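S.K.: What follows is a single structure, and I will ask about it in a moment.
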Amino acid sequence: MHHEFFVSTVFNHYIVNPIAGLFGYHSHHDILPAHLVMVILIFLGLTIFSFIVRSRLSVDNPGGLQQALELISSGIMSLTEDMTGTDPRRFFPLLGSLFFYILCGNLLGLFPGFMSPTSNINVTASMAIMVFFYYNYVGFKANGFVKYMAHFAGPALMIAPLMFVIEIISHCARPFSLSVRLFGNIYAEELIIGSLNAMFPFLVALPVMAIGLFASTIQAFVFIVLTMVYLGGAVEHSDHD
Amino acid sequence: MIRKIGFFALAIMILSLIAMPVYAQGEGTSNIEVHYLAIAMGIAAAGCGIAQSIAVGKGCEGASRNPGATDTIRFFIILGLAFIEFLALLTFVVVLMLQ
């Protein structure tokens with residue numbers, strides 16, 4: 041499945057290749073693959089969007105956009121507080137940016153001429169590996185090295201060697217499952233839309249795109265909820281010991 | 420009645436499994452693997468569908484018995500559906516890798 045995306049070609053031709061030429065690397069082909077171009081577009085779009093929204097924030101006269109964003113962020117905050125049991129403002133920068141980034145990435149694929157960057161496993165794996173390192177870092181910081189390692193060993197000393205191996209494997213499966221879940225959903229959706237469009241253009245794929253609209257939001261939500269669960273599991277052990 | 424239909428469906432499935440190499444040989448190139456991958460994906464989708472319908476059904480049951488807990492139940496249904504879906508997606512990824 042290699043498509044030429046107009047946006048990606050233009051971006052590579054006018055921005056990436058001249059910059060690479062400055063450093064002495066000349067190429068007639070596209071240097072950045074399409075999903076990285078889409079990631080950069082989302083990054084730029086979200087940054088500009090957040091600066092514009094921040095300059096328009098007001099306490100006395102909140103607009104509709106501000107209210108919608110406040111609803112989403114307060115929802116994420118209260119959910120984080122329920123799941124982790126600590127101050128949600130500590131984890132909100134990670135969780136909020138993951139949510140908006142994944143949501144935009146999933147929804148971008150529904151526009152003609154663009155692709156979802158999350159339909160490439162490298163993009164989803166980058167987020168999942170970052171989450172993996174972050175929650176382990178939080179766990180080490182909250183509990184200390186020995187206590188966090190002791191939590192891997194399970195409750196009883198007798199089965200500790202067995203439990204340790206099982207826990208290590210299950211923790212290593214987490215980034216894999218996070219990345220494959222997001223990638224599989226979005227890639228399957230794009231594949232179905234593409235094949236339906238090949239069979240009968242425009243009309244037949246519309247219901248699938250409506251489902252895709254729904255599934256994109258659900259997948260972004262599930263990703264951050266699982267991140268919250270992992271963070272909660274890493275943090276909570278300091279309380280009841 | 421349902422049992423009869425199910426029996427016939429099973430028989431047709433097994434017959435088509437046996438007959439598949441015959442079809443594939445007619446095309447000249449052997450792309451038998453692609454058919455088996457489709458069957459694997461179908462089995463995974465069937466199991467995923469059964470499991471998800473059980474989960475959603477039980478969730479609706481719980482929500483109708485205790486409407487106050489609807490938000491919690493909805494949250495756990497969505498989380499559980501994501502976990503169930505993951506098993507079908509694993510098959511999907513294996514199919515993509517073998518394709």
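Quick mapping for you: the protein sequence lines, in order, are chains A and B. Heads up: the first sequence is residues 41 to 281, going by this note's numbering. Heads up: the second sequence is residues 420 to 518, going by this note's numbering. The beta carbon of each residue, even a glycine, is placed where N, CA and C say it ideally should be. Bear in mind the structure is a predicted one, so any value in this text is a computation, not a measurement.
1) Given this structure, state the Cα-to-Cα distance separating Ala245 of chain A from Asn57 of chain A, to the nearest angstrom.
2) Roughly how many angstroms separate the alpha carbons of Tyr270 of chain A and Tyr175 of chain A, rounded to a whole number?
3) Which first and last residues belong to the alpha helix (DSSP H) in which Gly104 of chain A is found?
4) Would you list, in sequence order, the uninterrupted beta strand (DSSP E) runs of no fewer than 3 residues that lie entirely inside the stretch 200-269 of chain A?
5) Mind checking whether Val514 of chain B and Ala459 of chain B have CB atoms under 8 Å apart?
6) Might you give, ordered along the chain, the residues of its own chain that have their beta carbon closer than 8 Å to the beta carbon of Met155 of chain A, omitting 5 neighbours on each side?
7) Between Phe426 of chain B and the ligand ADP, is there a pair consisting of the residue's CB and a ligand heavy atom that are separated by less than 7 Å?
8) Please report the residue range of the alpha helix (DSSP H) in which Thr164 of chain A lies.
9) For Ser48 of chain A, report the span of its alpha helix (DSSP H) as first-last.
10) What does Arg221 of chain A touch in chain B if you count any residue whose Cβ is under 8 Å from its own?
11) Can you check whether the C-beta of Val513 of chain B is within less than 8 Å of a C-beta belonging to chain A?
12) According to DSSP, simplified to helix, strand and coil, what is Gln518 of chain B?
13) Are the CB atoms of Gly179 of chain A and Val275 of chain A nearer to each other than 8 Å?
14) I believe Gly145 of chain A touches Ile233 of chain A by the beta-carbon criterion, under 8 Å. Please report the beta-carbon distance rounded to the nearest angstrom.
15) Taking only the alpha-carbon atoms, compute the straight-line gap between Ser113 of chain A and Gly136 of chain A and give it to the nearest angstrom.
16) Of all the CB atoms in chain B, is at least one closer than 8 Å to the CB of Gly224 of chain A?
17) I want to see whether chain B comes within less than 8 Å of Ile258 of chain A, judged by CB atoms only; does it?
18) Can you tell me which of the three DSSP states Asn101 of chain A falls into?
19) I want to verify the contact list: residues of chain A whose CB lies under 9 Å from the CB of Leu498 of chain B, in sequence order.
20) Relative to the alpha-carbon of Leu286 of chain A, which residue among B:Gln518, B:Leu500, B:Thr510 and B:Ala507 has its alpha-carbon at the smallest distance?
21) Which two residues bound the contiguous alpha helix (DSSP H) that contains Ile88 of chain A?
22) Which chain E residues sit within Cβ distance under 8 Å of Ala228 of chain A?
23) Between the stretch 92-109 of chain A and the stretch 214-221 of chain A, can you find at least three pairs of beta-carbon atoms closer than 8 Å?
24) Let me know the secondary structure DSSP gives Ser137 of chain A once reduced to three states.
25) Please classify Val163 of chain A as buried or exposed, where buried requires at least 16 other C-beta atoms within 10 Å of its C-beta.
26) Find the residues of chain B that neighbour Ser217 of chain A, judging by a C-beta separation of less than 7 Å, and give them in chain order.
27) Taking one C-beta from the stretch 251-266 of chain A and one from the stretch 490-508 of chain B each time, how about it: are there three or more such pairs within less than 8 Å?
28) Using a Cβ-Cβ cutoff of less than 7 Å, which residues in the same chain neighbour Pro128 of chain A once the five nearest sequence positions on both sides are dropped?
29) I'd like the list of long-range same chain contacts for Ala482 of chain B, defined as Cβ closer than 6 Å, with 5 residues on each side in sequence excluded.
30) Which first and last residues belong to the alpha helix (DSSP H) in which Ala60 of chain A is found?
31) Indicate whether Leu222 of chain A and Phe263 of chain A have their beta-carbon atoms separated by less than 8 Å.
32) Quick check: Ala507 of chain B and Ala463 of chain B, are their CB atoms within less than 8 Å of each other?
M.R.: According to the data block:
1) Computed Cα separation, rounded: 36 Å.
2) If you take the alpha carbons of Tyr270 of chain A and Tyr175 of chain A, they lie about 7 Å apart.
3) Secondary structure note for Gly104 of chain A: its alpha helix (DSSP H) is the uninterrupted segment Gly104 to Thr124.
4) Look at the stretch 200-269 of chain A and you find no whole run of beta strand (DSSP E) that is 3 residues long or longer.
5) Closer than 8 Å, so yes.
6) The beta carbon of Met155 of chain A sits closer than 8 Å to the beta carbons of His43, Phe45, Ala74, His75, Met78, Leu148, Gly149 and Glu230 from its chain, once the five residues preceding and following it are set aside; these are given in chain order.
7) Among the components modelled here there is no ligand, and therefore nothing to report on the ligand ADP.
8) In the DSSP annotation of this structure, the continuous segment of the alpha helix (DSSP H) that includes Thr164 of chain A starts and ends at Ile161 to Asn183.
9) That run of the alpha helix (DSSP H) goes Phe46 to Phe51.
10) Within chain B, the residues near Arg221 of chain A are Ala501, Glu504, Phe505 and Leu508.
11) Output row for Val513 of chain B: interface = no.
12) Judged by DSSP in its simplified three-state form, Gln518 of chain B adopts coil rather than helix or strand.
13) Contact: yes.
14) Rounded, the Cβ-Cβ distance is 16 Å, inconsistent with contact.
15) Each residue's Cα considered, the two are about 7 Å apart.
16) Interface residue, yes.
17) The beta-carbon of Ile258 of chain A is placed less than 8 Å from the nearest beta-carbon of chain B.
18) Correct three-state label for Asn101 of chain A: coil.
19) What Leu498 of chain B touches in chain A: Val262, Val265, Leu266 and Val269.
20) The shown model of chain A, from 41 to 281, leaves out residue 286 of chain A, and the question about it has no answer.
21) For Ile88 of chain A, the enclosing alpha helix (DSSP H) stretches over residues Ala74 to Ser95.
22) No chain E appears in the structure shown, which is made up of the protein chains A and B.
23) Contact between the stretch 214-221 of chain A and the stretch 92-109 of chain A is absent, with fewer than three C-beta pairs closer than 8 Å.
24) Helix at Ser137 of chain A.
25) Flag for Val163 of chain A reads buried.
26) Within 7 Å Cβ-Cβ: Phe505.
27) Cβ pair count under 8 Å is three or more, so yes.
28) Excluding residues within five positions, the ones whose Cβ falls inside 7 Å are Met117, Thr120 and Glu121.
29) For Ala482 of chain B, where only same-chain residues beyond five positions count, the Cβ hits under 6 Å are Thr489 and Ile492.
30) Element bounds for Ala60 of chain A: Asn57 to Leu62.
31) Yes, they are a contact pair.
32) Yes.
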